[in-house]
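Student: If you want our numbering, it's the 1-based position in the first sequence plus 391. The beta carbon of each residue, even a glycine, is placed where N, CA and C say it ideally should be. On a predicted model such as this, the values are computed, not experimentally measured, just so you know. Can you keep this structure in mind? I'll have questions shortly.
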Amino acid sequence: MVLKTKSDISRRLLRWFKAHGRDLPWRSAFSPYTVWVSEIMLQQTQVETVIPYYRRFLSSFPTIQALAKAPQDLVLKQWEGLGYYSRARNLHRAAKQVVEAFNGRFPDQMDALITLPGIGKSTAGAILSLAYNQPFPILDGNVKRVLTRLFALRALPGAGLDKILWAYSASLVPSDARSFNSALMDLGATVCRPRNPVCGLCPLKTLCQGFEQHLQELLPLKKKRGPLPLRVQSALVIWKNKRVFIRKRPVKGLLGGLWEFPEEAIKKANLTGGTKRLEIYQNLGFQVNVGEAILKIRQTFTHFKLELHIFNAEYHSGSPPRDKNHRWVSLAGLREFPFSASHKKIVEALSG
DNA sequence: AAATCGGGGAT
DNA sequence: ATCCCAGATTT
């Protein structure tokens, strides 16, 4: 009975996929490199957002050797605006590892794949199934939702539920894992959607326990999170002889490796008391005269909200550290450096 | 187990 | 405004 249902599910899904599967840029070649790049970009990021980045990235780095040889600033520049920049740094590191430790040969085994930075169990399963057509399961947001509904799993999110979902995903994968896993993701994205699932168009409708129990809108269960804390910060556009000062953020942590106009936390009171503005900057290493506010930017991050106040400033005295992480750059030169979305808006405000 | 890590699309 | 996206890594 269970075996019959299993083959029933894969048969229905594969037939549906032939007629309704998405035509996506990374589904033309199935080379390990392009599958890998797409999988990393697609982590926590929607397909439509990824597509232009994917094209540009492969245009800049057509091979894993080209990626391995590239400077990190250029890799981050191609990633600029996509978010979760550790993905880009890990992708770059992993490319070097494959070129050096694996002689340029992309691994085709689970144990080797998960040694590469940025590749966890699900991305490894995706690479093995999509690039090599090996029968490995995946468990992304789409698959979690489809399986949770299909088997009416009422557990709260967490390790316990994940273990059950991995077991279901593994039990369902047929020999044509490439098409099956693609179909599972497409079904989740286009039919078994988070809100307003289109159960009338679902090939698994008659097998779906969630639909049978009218739970499709309630599943998967989610835990609610509290309000995000607000961080108020300032950034300075410091001028000196038609150039502006930028520095590189630490490679670890938030927006790691990106460049910025010096940014620090401030208290809201310091925004209004004109003369207090000189006290805003503690760690700059040199003295400036702070001018008027020129821009205010709000940005929501995963775990906090940012309110960023940008001020014009003029170099006064002293000197910043003389290393490659601190630069005076012309307006035209700013285009070479990778910035976060917020600081990209500052660049645009200065240029436009 | 919980926190960290971006930015935007959809509603 | 909220939810969530082809998750991984660190704490």
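Determine the contact status of R447 and Q469, defining contact as a CB-CB distance below 8 angstroms.
Tutor: In this structure, Q469 lies closer than 8 angstroms to R447 by Cβ.
Student: On the CB-based measure, 16 or more other CB atoms within 10 Å of its CB, does T666 come out buried or exposed?
Tutor: Caution is warranted here: a pLDDT of 41 is assigned to T666, below 50, making its placement in the model unreliable, and the coordinate value is therefore given only provisionally. With fewer than 16 Cβ atoms within 10 Å of its Cβ, T666 is classed as exposed.
Student: Is the separation between the beta-carbon of L563 and that of S401 shorter than 8 angstroms?
Tutor: Yes, they are a contact pair.
Student: Tell me the residue span of the alpha helix (DSSP H) that contains I431.
Tutor: Element bounds for I431: 423-432.
Student: Could you name the residues of the same chain whose beta carbon sits closer than 8 angstroms to that of L741, not counting the 5 residues immediately before and after it, in chain order?
Tutor: V628, V635, L722, L725, listed in sequence order.
Student: Taking the DSSP output, what are the residues bridged to T539?
Tutor: Beta-bridge pairing links T539 to no other residue.
Student: For the beta strand (DSSP E) that contains I629, what are its first and last residues?
Tutor: 621-631 is the span of the beta strand (DSSP E), which, as asked, contains I629.
Student: Thinking C-alpha only, which one of Y444, E705, C590, A517 is nearest Q678?
Tutor: Nearest option by C-alpha distance: E705.
Student: Assuming F448 is part of the alpha helix (DSSP H), what are its boundary residues?
Tutor: Unbroken alpha helix (DSSP H) run through F448: 438-451.
Student: By alpha-carbon positions, which one of L610, F695, K736, L606 ends up nearest to R616?
Tutor: Nearest option by C-alpha distance: F695.
Student: Starting from V679, follow its DSSP beta bridges and name the residues at the other end.
Tutor: Partner(s): Y706.
Student: List the whole-angstrom C-beta distance separating L649 from R638, where the pair is believed to meet the contact cut-off of C-beta under 8 angstroms.
Tutor: With a Cβ gap of about 10 angstroms, L649 and R638 do not count as contacting.
Student: Can you give me the C-alpha to C-alpha distance between L651 and V720, rounded to a whole angstrom?
Tutor: It should be noted that the sequence gives Glu, not Leu, for residue 651. Answer to the nearest angstrom: the Cα atoms are 12 angstroms apart.
Student: Here's the rule: buried if 16 or more other CB atoms are within 10 angstroms of the residue's CB, otherwise exposed. What is G591?
Tutor: Classification for G591: exposed.
Student: Which whole-angstrom value is the C-beta distance of P594 and L404, which I expect to be below 8 angstroms?
Tutor: Yes, they are in contact, since the Cβ atoms of P594 and L404 sit about 6 angstroms apart, within 8 angstroms.
Student: Could you check if R480 is buried or exposed, using at least 16 other CB atoms within 10 Å of its CB as the buried criterion?
Tutor: So R480 ends up on the buried side.
Student: Between K633 and N680, what straight-line distance do the alpha-carbon atoms span, to the nearest angstrom?
Tutor: Those two C-alpha atoms are separated by around 16 angstroms.
Student: Please confirm whether Q690 and E655 have their CB atoms less than 8 angstroms apart.
Tutor: No.
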